[in-house]
Amino acid sequence: MASGPFGHVARLLGIGIVVLGVLAIAGWGRMFRRVAFSLDELVEAADRVENGDYATRVTVPRTGPRPMRDLARGFNEMVTRLEANEAQRRRLLADVSHELRTPLAVVQGNIEAMLDGVHEVDEAHLGAILEETRVLARLVDDLRTVALSESGSLPLHREPTDLAVVATDAVGAFRSTAQAAGVELAVEVADDIPLLEVDPVRIREVISNLVANALRHTSAGGSIALDARVGGGGAGGAGGPRSVDVTVRDTGSGIDADLLPHVFDRFAKAPGSRGSGLGLAIARGLVEAHGGSIDVESATGRGSTFRFRLPVGTDETN
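Yeah, the sequence shown ends on 785 if you go by my numbering, and it's all consecutive.
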């Protein structure tokens, strides 16, 4: 065995190596215990979430392996989304139940009154029942459209479409209603808009929903105007037009500031509104399904301006 100064140094190095090894083992042991504790907490939290407790969160470690910290943060973000989805599902069920209740009550009341002999089984009372069944059918169709568009599975039947024809027909369907209400309707479509590869039935539905919404909130003497023109650089750009902008502007009551951020949400509507609260949600879903976007500018008492943009020359297919 070595002796002298070199032997002494060797012994010191050996002792140091042993001490460092013990410390490393102890450190890894503490780290292992922290990781094991974190995994136990995650397993218990996952069990609570599985049982419907979406308020569950885990502690994000301040130290320890980075993957464990990322895993804890990811778990919390996932549960936060689950909690939001559950709240949205509950609101949707409550809203659907509320919307179905009125027409069903009318149908049930009229049928019971006829069975009890209170009402005659005549055209007037049967007509009221038939109208309420139509309301129910429209509500079911609207809910299906919203569900399909939000899930990204709404079928589109694209074909070369003349927007001027679609817009004129859609607005024209409301002329008698607008005339009876004392509201002026106007349509202006620029001549340089190219044919669009869109689903004409769905785009007409978008325009119809926007015009119907405007009519509900515009009083006699007011006006509603649809304007469509090339956007995104215009036809003279190097690459040609990139989008078409369609604007529906009214001089109605406007949208309250509290409602404005939620106006495209399902069943969002002002107090006393006669609509179902699905029209604007459907409009957004249909526009986005075409790869476009929709927005609104409004202020109480100053009318509203809805604008949606459709891409030109898209190769997307549904």
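From the three backbone atoms N, C-alpha and C, an ideal C-beta is built for every residue, glycine too.
Endpoints, alpha helix (DSSP H) assigned at residue i
{"i": "S743", "result": "No alpha helix (DSSP H) contains S743, which DSSP labels as neither H nor E."}
{"i": "I660", "result": "Where I660 is concerned, there is no enclosing alpha helix (DSSP H), given that its DSSP letter is neither H nor E."}
{"i": "R683", "result": "P667 to R683"}
{"i": "D636", "result": "L630 to G639"}
Check whether residue i and residue j have beta carbons under 9 Å apart
{"i": "F775", "j": "V673", "result": "yes"}
{"i": "V525", "j": "N543", "result": "yes"}
{"i": "T612", "j": "L621", "result": "yes"}
{"i": "L682", "j": "A645", "result": "yes"}
{"i": "G770", "j": "R716", "result": "yes"}
{"i": "F731", "j": "A679", "result": "no"}
{"i": "V763", "j": "L727", "result": "yes"}
{"i": "T635", "j": "T714", "result": "no"}
{"i": "V527", "j": "R540", "result": "yes"}
Selection from the options that minimises the alpha carbon distance to residue i
{"i": "T767", "options": "S743, H684 and G698", "result": "H684"}
{"i": "E655", "options": "E617, V678, D694 and Q646", "result": "D694"}
{"i": "Y521", "options": "F773, A554, L610 and D659", "result": "A554"}
{"i": "D618", "options": "I749, T772 and L567", "result": "For the sequence presented, residue 618 should be read as Ser rather than Asp. For the residues I749, T772 and L567, the minimum Cα distance to S618 belongs to I749."}
{"i": "H757", "options": "E517, I691, G719 and R671", "result": "R671"}
{"i": "L610", "options": "G752, P778 and V779", "result": "G752"}
{"i": "V563", "options": "S760, I761, F734 and E764", "result": "F734"}
{"i": "D659", "options": "V650, E550 and D629", "result": "D629"}
{"i": "A692", "options": "A653, L538, A637 and R568", "result": "A653"}
{"i": "V638", "options": "L677, R556 and M535", "result": "L677"}
{"i": "E550", "options": "H586, N518 and Q575", "result": "N518"}
{"i": "V516", "options": "H586, V546 and D583", "result": "V546"}
{"i": "A595", "options": "M535, G576, I761 and L538", "result": "G576"}
Span of the beta strand (DSSP E), counted from its first residue to its last, around residue i
{"i": "E587", "result": "Neither: E587 is in no beta strand (DSSP E) and is coded neither H nor E."}
{"i": "G768", "result": "G768 -> no beta strand (DSSP E), and no H or E assigned at all."}
{"i": "R642", "result": "Looking at the DSSP string, R642 is not in any beta strand (DSSP E); the run it does join, the alpha helix (DSSP H), is R642 to A648."}
{"i": "V713", "result": "S710 to D717"}
Helix, strand or coil at residue i according to DSSP, with G and I counted as helix
{"i": "I761", "result": "strand"}
{"i": "P528", "result": "coil"}
{"i": "S620", "result": "coil"}
{"i": "G703", "result": "Only weak support exists for where G703 lies, its pLDDT of 43 falling under 50; the value from the coordinates is given anyway. Of the three classes helix, strand and coil, the one that applies to G703 here is coil, per DSSP."}
{"i": "A687", "result": "coil"}
{"i": "T547", "result": "helix"}
{"i": "R733", "result": "coil"}
{"i": "L726", "result": "coil"}
{"i": "D694", "result": "strand"}
{"i": "T569", "result": "helix"}
{"i": "T772", "result": "strand"}
{"i": "A561", "result": "helix"}
{"i": "V516", "result": "helix"}
{"i": "P778", "result": "strand"}
{"i": "A522", "result": "coil"}
Integer Cβ distance of residue i from residue j, believed to fall under 8 Å
{"i": "R696", "j": "A657", "result": "4 Å"}
{"i": "V633", "j": "L777", "result": "Contact doesn't hold; Cβ gap of about 11 Å is too wide."}
{"i": "V573", "j": "E590", "result": "Their Cβ separation, rounded to whole angstroms, is 16 Å, which puts V573 and E590 out of contact at 8 Å."}
{"i": "V711", "j": "G698", "result": "6 Å"}
{"i": "A687", "j": "A648", "result": "6 Å"}
{"i": "V779", "j": "L663", "result": "7 Å"}
{"i": "E651", "j": "S690", "result": "4 Å"}
{"i": "E566", "j": "S675", "result": "Not a contact, Cβ separation roughly 19 Å."}
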